[in-house]
Every structure is written in structure tokens, then in C-alpha cells.
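K.L.:
Take this structure first; my questions come after.
Structural data, given as C-alpha cells:
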């Protein structure tokens, strides 16, 4: 089966310098970049699991799973750019969705891009999770995904200083 969905792509165009936006992002997010499995391995109960990940959340409620510096490899190929693609989320937020339908796991954690355009503006962009999961019909899941939307939009607005 193949379905077609309409994705809402959000872009926050900021006058803040790239490095300032990235620093604000890093400050607002925690990290499990050492590996999700490494962090989860020590937990044998739900309270231990929750404590392990709560300790790694940032003020936004999110943590970084992976940061890909496209600018670094692009420079090797001869193109100068400031561009990061970040995989971010929180298994405790994911739980609010996956407990209703594990199919939501296709789109969590989420991705966010921070890059600089030729005019020196910084763009923070992402696909709105609720639009990516619009094929799933469950009212409780829809409520949880809208809360994820709200948190992601709030993070983007905080780090960029602008609305989409």
C-alpha cells in the first residue's frame, strides 16, 4: 500500500548568526549522542529508564541523538557552508505516542536543520510531526503528536527568535 500525505515544512528565518542559533540549540537540548542503547542499558525498570532519560533532557524537553555537520564534509568537497542536521527527541515524549500506535515510531525522533543562507540569515527548519503522521487515525495519538508539534515549534522559536 502506498499513501500520499501533505507535509507541513516549517522554516524560521532568523537574523541571529548561525553560531548563536546553534549555541542556543545546544543549551536548550540535552544529549544521548553517546548512544541511546548505552543510556537505556542500565535501566531494568520503568522508573530507572525515566530517570536515566530525564537526567539527559534539556530545558526544551528534547535531547540530541545525532548531529550531522554537513558543513564539515561539504568543505572537503569544495563548498563552504554552515549546515547541521540534527536528530532530536526524547523517548519519554515518544512514549506518549507509541503507547497508542507503534507506527508513530517511523517519525520519532524528529529531524531539524540549522543552516546559513548566502545572505547570512540563519534558517531553522523541520517537518511538522503531525503532518508526517497524518496517516494514523487515533484521537489520543493525535493529541500526543500535537503536543510534540508544540514543543518543536517552541524550541525553533526560542533558538531562532522568530516564528515560522
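Numbering (UniProt numbering), first residue to last: 1 to 164. Positions of the beta carbon are idealized from the N, C-alpha and C atoms, including for glycine. These figures come from a predicted structure and were not determined experimentally.
#1: Can you give me the start and stop residues for the beta strand (DSSP E) that residue 96 sits inside?
#2: Give the secondary structure of residue 63 by DSSP, where H, G and I count as helix, E and B as strand, and everything else as coil.
#3: First and last residue of the alpha helix (DSSP H) that includes residue 128?
#4: As a quick exercise: from 130, 102, 62, pick the residue whose alpha carbon is nearest that of residue 24.
#5: With a threshold of 7 angstroms on Cβ separation, who are the neighbours of residue 50 within its own chain once the five nearest residues in sequence on each side are excluded?
#6: My parser needs the beta strand (DSSP E) runs of 3 or more residues fully inside the segment 5–80; what are they?
#7: Does the distance from the C-beta atom of residue 64 to that of residue 96 stay below 8 angstroms?
#8: For residue 106, count neighbouring C-beta atoms within 10 Å of its own C-beta (all shown protein chains included) and say buried if the count is 16 or more, exposed if not.
#9: Give me the DSSP bridge partner(s) of residue 87.
#10: Relative to the C-alpha of residue 128, which residue among 151, 115, 141 is closest?
#11: Tell me, which residues are paired with residue 116 by DSSP?
#12: Using 8 angstroms as the cut-off, can you tell me whether the segment 12–24 makes contact with the segment 117–125, which would need three or more C-beta pairs spanning the two stretches below that distance?
#13: Please list the segments of the alpha helix (DSSP H) lying wholly inside the segment 128–157, counting only runs of 4 or more residues, in order along the chain.
#14: How many Å lie between residue 84 and residue 73 at the Cα?
#15: Nearest-angstrom Cα distance between residue 144 and residue 89?
#16: Going by alpha carbons, who is nearest to residue 131 out of 148, 140, 118?
#17: Cβ atoms of residue 126 and residue 110: under 8 angstroms apart, would you say?
P.N.:
Let me spell this out:
#1: Along the chain shown, one-based indexing puts residue 96 at 96. From DSSP, residue 96 is part of no beta strand (DSSP E) but of the alpha helix (DSSP H) over 91–98.
#2: Position 63 of the chain shown, counted from the first residue, corresponds to residue 63. Of the three classes helix, strand and coil, the one that applies to residue 63 here is strand, per DSSP.
#3: The residue you call residue 128 lines up with position 128 of the chain shown. Element bounds for residue 128: n/a, residue is neither H nor E.
#4: As a first step, residue 24 is located in the chain shown; it is residue number 24 there, counting from the start. Cα-wise, what sits closest to residue 24 is 62.
#5: Within the chain shown, residue 50 is the residue found at index 50, counting from 1. So the list reads 92, once near-sequence residues are dropped.
#6: 9–14, 63–69
#7: The sequence position of residue 64 within the chain shown is 64, counting from 1. The sequence position of residue 96 within the chain shown is 96, counting from 1. Cβ atoms of residue 64 and residue 96: not closer than 8 angstroms.
#8: Counting from 1 along the chain shown, the entry for residue 106 is found at position 106. Classification for residue 106: exposed.
#9: Position 87 of the chain shown, counted from the first residue, corresponds to residue 87. 66, 111, per the DSSP bridge assignment.
#10: In the chain shown, counting from the first residue as 1, residue 128 sits at position 128. Residue 151 is the option with its Cα nearest to residue 128.
#11: The sequence position of residue 116 within the chain shown is 116, counting from 1. For residue 116, which the question treats as bridged, DSSP gives the partners 122.
#12: yes
#13: 129–132
#14: To locate residue 84, count along the chain shown from 1; it is residue 84. To locate residue 73, count along the chain shown from 1; it is residue 73. Those two C-alpha atoms are separated by around 11 angstroms.
#15: Position 144 of the chain shown, counted from the first residue, corresponds to residue 144. Position 89 of the chain shown, counted from the first residue, corresponds to residue 89. Distance between the alpha carbons of residue 144 and residue 89: 14 angstroms.
#16: On the chain shown, residue 131 is found 131 positions in, with the first residue counted as 1. The candidate whose alpha carbon is nearest that of residue 131 is 148.
#17: For the purposes of this step, residue 110 is taken as residue 110 along the chain shown, with counting starting at 1. For the purposes of this step, residue 126 is taken as residue 126 along the chain shown, with counting starting at 1. In this structure, residue 126 lies closer than 8 angstroms to residue 110 by Cβ.
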